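**Student:** Going line by line, the protein sequences match chains A and B. To convert, note that position 361 of the first sequence is 354 in our numbering; the numbers rise steadily by one, no gaps. Quick note: to get our numbering, add 560 to the position in the second sequence (first position is 1). Glycine is no exception: its CB is placed at the ideal position from the N, C-alpha and C atoms. All values reported here derive from a predicted model rather than from experimental measurement. Quick one: the structure is below, and I'll ask about it shortly.
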Amino acid sequence: MSSSIVDPKDPRFDVLKGSRNLRWPSAANEYASSVEICDSVERAAEALQRAVNSGKRPTVRSGGHCYEDFVVNNPNGTILDLSLLTASRLPGDEGRFRIAAGQCLGDAYTDLYKRYNVTVPAGTCYTVGAGGHISGGGYGLLSRLHGLTVDLLSAVDILTVEANGKVVARRVDKKNDPHLFRACRGAGGGNFGLITGFLFDKLPPAPTEVINAGVSFAWAEMTEDRFVSIILKYGNYWETRGKDPDTWGLFSVLNLSHSSSREFGVSLQFCNPDGTCNDLGVVNEFLGLFDECTPNPGAPATVSDRVIPAHASLSQPCGTEKRPMQKRVWIEATVGGGHGDRRTRAKYKSAYMKRNFSVAEAKCIYRYLKTKVPGVDLSGFVFAIDSYGGATNKAALAQETSAPQRASIMKLQYQSYWQNQQDDAGRLQWLKDFYTELYSGPKIEKAVAGTPYPGEYYEGCYINYPDVDMLAYKFWPQLYYGAGDLYPFLQDVKRRYDPNNVFHHAMSVRA
Amino acid sequence: MSTRRAFLGSVASLPVLAALDTKSRSRWVVHPNRQVAYGLREVSEYQHLPRGAVDAYRIESGGQTLLGTQPLSLSAIMPRSIAISPDGRYLVVAVYGGGSYNVLSISKDGELEPVCGIYKEIGCGLCPVRQASAHPHTVVFDQTGDYVLSSDFGCDTLSVFKLDHGHLVRRSRLSLAPGSGPGLLTLDVAKSVIEVRHELRPAVTYHRYDASAGIIEPQFRLLAV
């Protein structure tokens, strides 16, 4: 039998030490010295204790999708790999729903659907691990309908390291260690301990069916005016009509690409609040907004890894010739698509928006997407403008959870993908310049220029799309955790439950 | 007089280095070749990350030139003490703030190379405020250069680490009186005796050190001060 401890002599080590993001680790001396495969809570506790006892820093990995190097940059340390810690039923669960930290989202959806016909409003990428995803909030196509995954969370199983170095297993909830429980509801992974499972007393029923549809626009015929008009129409919908509860089953992504690609577009998933597609009024109304923007006739939106997939096999065409739609069984639409398994070089940024784009912002975006940078290939850039709000915007949840953004209508994810190391500098600089300029307009206070600092127009950034560029700003914690009392609260939890800062990374809560 | 003290004494006698000592840089050692000095940046952030750093300076007749700076490991904030191996190949840093030890290798010409060894220390003491976590305070090499001795203010402990190809492996750990807060540690090489000044109690303790085994014995003498 092979050992569960994979060291540099083990043939598996070269595969397991690395990251999906080929930028990480960036230097040979950043690699961990071992990876431990933990397929049960007990094994995870033993491995964590072993790391602590031997002076090694543990980092924890479920799906391995971290956008920065927080897990794999662990020189001399141990990566605790939880991807086989997947048991969704354990003694003592007493009828609660469990998602194990090592389950990937696709498997968790399948498990919850087949056993119980329920689901969680988590992310779209099949292979993202639940451990990190839910720790940071966990949102996806059903979040406008049901909120964040952490909004529904009832308890968390977590291993913490006591001040004296002893590993203890805790079940935290509103009564037991309530502060730690709140911190586990959105503050992000790698901060307080090793989460082994998430427990839910009640979950919403899985939708029966969904509609996938979209519109796309050719870059070749695009003008600045048309571009601005498309963006403002899109944002305006979420600022106005999108707040009505009958639209909360509608989730869309405006995927803006660089003009060196063929087209960009809007894709959507929809179901009525009852989980059916019996009434398509909302979809027709939304897609109708773009009729006067002359979309490509009948063409689907650009498909990227993260975009809502439009697989033909099990789908049933509906809608009209002018406005084609695919009606699909929800579980197929949710787990039947992309695997998100490719390895590539990548960089990400994020922003929450409380208001629609201004004309100046739309023009700035247009300019950057039209600009050609000598020697920098900008294909592979996706600027995903997700719909937000609906059930996530219940203000009281900001106090109950550690996800403070409860007033946004859109959530932006800047994604840049490329293959060659020599392109790193040009890609990173272009994205940094774009982001900095977009958040340096006249409506942004000078002291926070370059960032979507929480205020009238923006609500900061998303901790699950971490961006170490933000560390250059002294106020980076406020970008991710708001300008209120949440960050000091999290620091207090940190001091109490991880006084030795065993769990740390570049953007972990500072002790 | 300990190895470390000898080096500190040398630094003090070098007028060119006196000017280097600023608020953010403390704790100096000089390479056995007498041509390079190393100074800690006792800070909680370096290049936007939570860590301290080490500077290397070439000592010249007219002054000193910065050879380079190496960041410490993530979370290695507020480093407190630095020691150099007798062969001049390694620096060991006690990280008071972040609760760890870092090892940096040194090239033949005295330049610093990146951190090659990290030991994450964990523990606590009686005082809930000042001893809530580990606080490595002082590191010194023993006479063989094989072992590194350390005091930990937060844990009320003394440790002996073996330096093995740039990595620290704990050889032994001695618990001192709970709540005493051991601070400055010095090794009298000739007598193989360790002196520890405690910071939370008015006391100095003396311990025999067995360099062949890498073990510090319980105190044989306590001085109330």
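Please list the partners that Lys436 of chain A has in chain B, where partner means a Cβ-to-Cβ separation under 7 Å.
**Tutor:** Residue 436 of chain A sits at position 443 when you count from the first residue of the first sequence. Chain B residues near Lys436 of chain A: none, gap ~27 Å exceeds 7 Å.
**Student:** Would you list the residues sitting across from Ala613 of chain B in a DSSP beta bridge?
**Tutor:** For the purposes of this step, residue 613 of chain B is identified with residue 53 of the second sequence, where counting begins at 1. For Ala613 of chain B, which the question treats as bridged, DSSP gives the partners B:Arg601, B:Pro631.
**Student:** Just mark Gly183 of chain A as buried or exposed, buried being the case when its beta carbon has 16 or more other beta carbons within 10 Å.
**Tutor:** Within the first sequence, the letter at position 190 stands for residue 183 of chain A. Buried: at least 16 other Cβ atoms inside 10 Å.
**Student:** To the nearest angstrom, how far is the alpha carbon of Thr327 of chain A from that of Pro238 of chain A?
**Tutor:** Residue mapping note: residue 327 of chain A aligns to position 334 of the first sequence, counting from 1. Residue mapping note: residue 238 of chain A aligns to position 245 of the first sequence, counting from 1. Answer to the nearest angstrom: the Cα atoms are 22 Å apart.
**Student:** Mapping DSSP to helix, strand and coil, what is Cys676 of chain B?
**Tutor:** Numbered from its first residue, the second sequence carries residue 676 of chain B at position 116. The answer is strand: DSSP assigns Cys676 of chain B an E or B state.
**Student:** Please list the partners that His126 of chain A has in chain B, where partner means a Cβ-to-Cβ separation under 8 Å.
**Tutor:** As a working mapping, residue 126 of chain A is identified with position 133 in the first sequence. Within 8 Å Cβ-Cβ: nothing; His126 of chain A doesn't reach chain B, min ~23 Å.
**Student:** With DSSP collapsed to three states, give me the class of Cys97 of chain A.
**Tutor:** Residue 97 of chain A sits at position 104 when you count from the first residue of the first sequence. Three-state result, Cys97 of chain A: strand.
**Student:** Excluding the 5 residues flanking Arg503 of chain A on each side, which residues of the same chain have their C-beta closer than 8 Å to its C-beta?
**Tutor:** Working through the first sequence from its first residue, we reach residue 503 of chain A at position 510. Closer than 8 Å at the Cβ level, and outside the excluded window around Arg503 of chain A, lie Pro470, Gln484, Lys487.
**Student:** Give the secondary structure of Tyr410 of chain A by DSSP, where H, G and I count as helix, E and B as strand, and everything else as coil.
**Tutor:** Your numbering for residue 410 of chain A matches position 417 in the first sequence. In the structure shown, Tyr410 of chain A sits in a strand (DSSP, three-state: E or B).
**Student:** Which two residues bound the contiguous alpha helix (DSSP H) that contains Arg420 of chain A?
**Tutor:** Against the first sequence, residue 420 of chain A aligns to sequence position 427. Taken as a continuous stretch (DSSP letters only), the alpha helix (DSSP H) holding Arg420 of chain A covers 417 to 431.
**Student:** Looking only at its own chain, which residues have a Cβ that is under 6 Å from the Cβ of Gly658 of chain B, when we skip the five neighbours before and after it?
**Tutor:** Position 98 of the second sequence, counted from the start, is the residue given in the question as residue 658 of chain B. These residues qualify, in order along the chain: Ser635, Ala636, Ile637.
**Student:** Pick out whichever of B:Arg594, B:Asn662, B:Ala773 has its Cα sitting closest to the Cα of Gln703 of chain B.
**Tutor:** Reading the second sequence from its first residue, position 143 is the one you call residue 703 of chain B. Answer by Cα proximity: B:Ala773.
**Student:** Where does Lys722 of chain B fall in DSSP's three states?
**Tutor:** Within the second sequence, the letter at position 162 stands for residue 722 of chain B. In this structure, Lys722 of chain B counts as strand in the three-state DSSP scheme.
**Student:** Taking a cut of 9 Å between CB atoms, which residues from the segment 729 to 740 of chain B lie near chain A?
**Tutor:** Answer in chain order: Val729, Arg730.
**Student:** Check whether the Cβ of Lys722 of chain B lies closer than 8 Å to any Cβ atom in chain A.
**Tutor:** In the second sequence, the residue the question calls residue 722 of chain B occupies position 162. By this cut-off, Lys722 of chain B is not an interface position.
**Student:** Here's a check: name, in chain order, each residue in its chain whose Cβ is nearer than 7 Å to the Cβ of Gln595 of chain B, leaving out the five neighbours to either side.
**Tutor:** The residue you call residue 595 of chain B lines up with position 35 of the second sequence. Answer for Gln595 of chain B: Arg618, Ile619, Gly670, listed in chain order.
**Student:** Are the C-beta atoms of Ile666 of chain B and some chain A residue less than 8 Å apart?
**Tutor:** Translated into positions along the second sequence, residue 666 of chain B becomes position 106. No, Ile666 of chain B does not count as interfacial toward chain A.
**Student:** Which partner residues does Arg163 of chain A have in the DSSP bridge list?
**Tutor:** For the purposes of this step, residue 163 of chain A is taken as residue 170 along the first sequence, with counting starting at 1. Arg163 of chain A pairs with A:Ile151.
**Student:** List the residues of chain A that Cys687 of chain B touches, going by C-beta distances under 7 Å, in chain order.
**Tutor:** The residue given as residue 687 of chain B occupies position 127 in the second sequence. The contacting residues do not exist; Cys687 of chain B stays about 12 Å from chain A at best.
**Student:** For the candidate residues A:Val34, A:Val64, A:Ser27, whose alpha-carbon lies nearest to that of Thr71 of chain A?
**Tutor:** Reading the first sequence from its first residue, position 78 is the one you call residue 71 of chain A. It is A:Ser27 whose Cα lies nearest to the Cα of Thr71 of chain A.
**Student:** Check for me: the beta strand (DSSP E) holding Ile530 of chain A runs from which residue to which?
**Tutor:** Residue 530 of chain A lies beyond the stretch modelled for chain A, which goes from -6 to 504, so this question has no answer here.
**Student:** Starting from the beta carbon of Glu681 of chain B, find every residue of chain A whose beta carbon is closer than 9 Å, and list them in chain order.
**Tutor:** In the second sequence, residue 681 of chain B corresponds to position 121, counting from 1. The contacting residues are Gly48, Asn493.
**Student:** Taking C-alpha atoms, which residue in A:Asn66, A:Gly95, A:Pro18, A:Lys2 lies nearest to Ile30 of chain A?
**Tutor:** Residue numbering aside, residue 30 of chain A sits at position 37 when the first sequence is read from its first letter. Per the Cα distances, A:Gly95.
**Student:** Would the segment 438 to 454 of chain A count as touching the segment 332 to 347 of chain A if we require 3 or more Cβ pairs under 8 Å?
**Tutor:** Yes, the segment 438 to 454 of chain A touches the segment 332 to 347 of chain A.
**Student:** Tell me whether Thr142 of chain A is buried or exposed, calling it buried when 16 or more other Cβ atoms sit within 10 Å of its Cβ.
**Tutor:** Along the first sequence, read from residue 1 onward, the residue named residue 142 of chain A stands at position 149. Buried is the call here.
**Student:** Which residues bound the alpha helix (DSSP H) around His172 of chain A?
**Tutor:** As a working note, residue 172 of chain A is residue 179 in the first sequence. Looking at the DSSP string, the run of the alpha helix (DSSP H) that includes His172 of chain A is 171 to 176.
**Student:** For the putative contact between Tyr458 of chain A and Tyr341 of chain A, defined by C-beta atoms under 8 Å, what is the C-beta separation to the nearest angstrom?
**Tutor:** Here residue 458 of chain A refers to the residue found at position 465 when the first sequence is read from its first residue. Here residue 341 of chain A refers to the residue found at position 348 when the first sequence is read from its first residue. Indeed they touch by this definition, with Cβ atoms about 5 Å apart.
**Student:** Considering only C-alpha positions, which residue in the set B:Phe780, B:Ser604, B:Ile775, B:Val720 is nearest to Thr765 of chain B?
**Tutor:** As a working note, residue 765 of chain B is residue 205 in the second sequence. Of the candidates B:Phe780, B:Ser604, B:Ile775, B:Val720, the one whose C-alpha sits nearest the C-alpha of Thr765 of chain B is B:Phe780.
**Student:** Could you check where the beta strand (DSSP E) with Leu786 of chain B kicks off and where it finishes?
**Tutor:** Nothing about residue 786 of chain B can be read from this structure; chain B reaches only from 561 to 785.
**Student:** Since Gly658 of chain B meets chain A, which of its residues come closer than 8 Å, beta carbon to beta carbon?
**Tutor:** The sequence position of residue 658 of chain B within the second sequence is 98, counting from 1. Chain A residues near Gly658 of chain B: Asn494.
**Student:** I'd like to know whether the C-beta of Val652 of chain B is nearer than 8 Å to at least one C-beta of chain A.
**Tutor:** Start at 1 with the first residue of the second sequence, and residue 652 of chain B comes out as number 92. Val652 of chain B does not count as touching chain A.
**Student:** Under 9 Å Cβ-Cβ, which residues of chain A neighbour Pro631 of chain B?
**Tutor:** On the second sequence, residue 631 of chain B is found 71 positions in, with the first residue counted as 1. Neighbours of Pro631 of chain B on chain A: none; closest Cβ ~12 Å, over 9 Å.
**Student:** Quick check on this structure: which residue in A:Asn277, A:Glu314, A:Gln309, A:Gly329 has the alpha carbon closest to the alpha carbon of Lys320 of chain A?
**Tutor:** Taking the first residue of the first sequence as 1, we reach residue 320 of chain A at position 327. Of the candidates A:Asn277, A:Glu314, A:Gln309, A:Gly329, the one whose C-alpha sits nearest the C-alpha of Lys320 of chain A is A:Gln309.
**Student:** According to the neighbour-count rule (16 or more other Cβ atoms, all chains shown, within 10 Å of its Cβ), is Tyr109 of chain A buried or exposed?
**Tutor:** Here residue 109 of chain A is taken as the residue at index 116 of the first sequence, counted from 1. Tyr109 of chain A comes out exposed.
**Student:** Any idea what DSSP makes of Ile223 of chain A, helix, strand or coil?
**Tutor:** Against the first sequence, residue 223 of chain A aligns to sequence position 230. DSSP places Ile223 of chain A in helix when its eight states are reduced to three.
**Student:** What is the DSSP secondary structure of Cys357 of chain A, reduced to helix, strand or coil?
**Tutor:** If you number the first sequence from 1, residue 357 of chain A lands on position 364. Of the three classes helix, strand and coil, the one that applies to Cys357 of chain A here is helix, per DSSP.
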